[in-house]
Amino acid sequence: MSSPSSSAPDQPPPWRSGTGAPPPPPSGNRFSDWAPGLVIFAGVLMLINGFMEALRGIMAVADDDLFVTTPRYVFRFDLTGWGWIHIVIGALVAVVGAFVLKGSDWARYAGIFLTAVSAVESFLAMPYYPLWSIVVIALDVFIIWALCVYRTEDVAF
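Structure follows, in structure tokens:
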């Protein structure tokens with residue numbers, strides 16, 4: 000009488016695939032389970048963040064009186080100039096975010112660079128719109144982290 004765990008002689012054990020190879024060893028930290036999800040989330044955040052930065056730039060270009068200005072700020076620029084900087088960087092972040100979602104390796108590296116530029120740009124624009132600048136910097140830091148921890152060699156498709 001055979002035990003329930005043993006298989007018939009003409010059938011391969013249940014863990015075997017059609018190739019006859021044993022299953023891959025389990026990952027110690029299960030990195031491949033959660034890292035791709037972080038990259039997808041970072042790509043979506045890049046789309047949202049870029050779009051909202053472009054909208055903030057449009058607000059600055061269309062109506063300079065909307066933002067509060069400080070008289071003695073070291074990095075004081077014309078708000079229309081800041082608006083165009085926000086529009087360009089926001090559009091670039093959104094476009095690269097779309098390519099991150101498509102899975103392009105170059106987009107991850109470009110995303111790290113552009114979100115770092117976005118964080119610096121938001122820091123420099125902090126006196127004009129402080130709360131939103133802090134939110135954007137926090138999102139940029141998370142995006143950079145999510146794009147940095149992902150390694151394609153850890154994922155087996």
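In numbering that gives the first Met the number 0, the protein residues as written are 0 to 156.
Backbone N, C-alpha and C define an ideal beta-carbon position, used for all residues, glycine too.
So, are the CB atoms of Val-116 and Trp-83 less than 8 Å apart?
-> Not closer than 8 Å, so no.
How long is the line joining the alpha carbons of Gly-42 and Ile-142, rounded to whole angstroms?
-> Taking the straight line joining both Cα atoms gives about 8 Å.
Thinking Ala-93 and Phe-40 are a contact (beta carbons under 8 Å), I'd like their distance in whole angstroms, please.
-> Wrong, their Cβ atoms sit about 15 Å apart, outside the cutoff.
Validate contact between the segment 129–138 and the segment 100–107 using beta carbons, cut 8 Å, 3 pairs | Under the 8 Å Cβ criterion, the segment 129–138 does not count as touching the segment 100–107, having fewer than three qualifying pairs.
Taking the continuous alpha helix (DSSP H) assigned at Tyr-108, which residues delimit it?
-> Tyr-108 -> alpha helix (DSSP H) spans 104–123.
Integer Cβ distance of Ile-86 from Ile-47, believed to fall under 8 Å | Wrong, their Cβ atoms sit about 16 Å apart, outside the cutoff.
Pairwise C-alpha distance: Leu-78 and Val-140 = Spanning the two alpha carbons is a distance of roughly 25 Å.
Determine the closest residue to Pro-126 out of Trp-81, Val-38 and Leu-138, with distance taken between C-alpha atoms.
-> Checked all of Trp-81, Val-38 and Leu-138; the closest Cα to Pro-126 is Trp-81.
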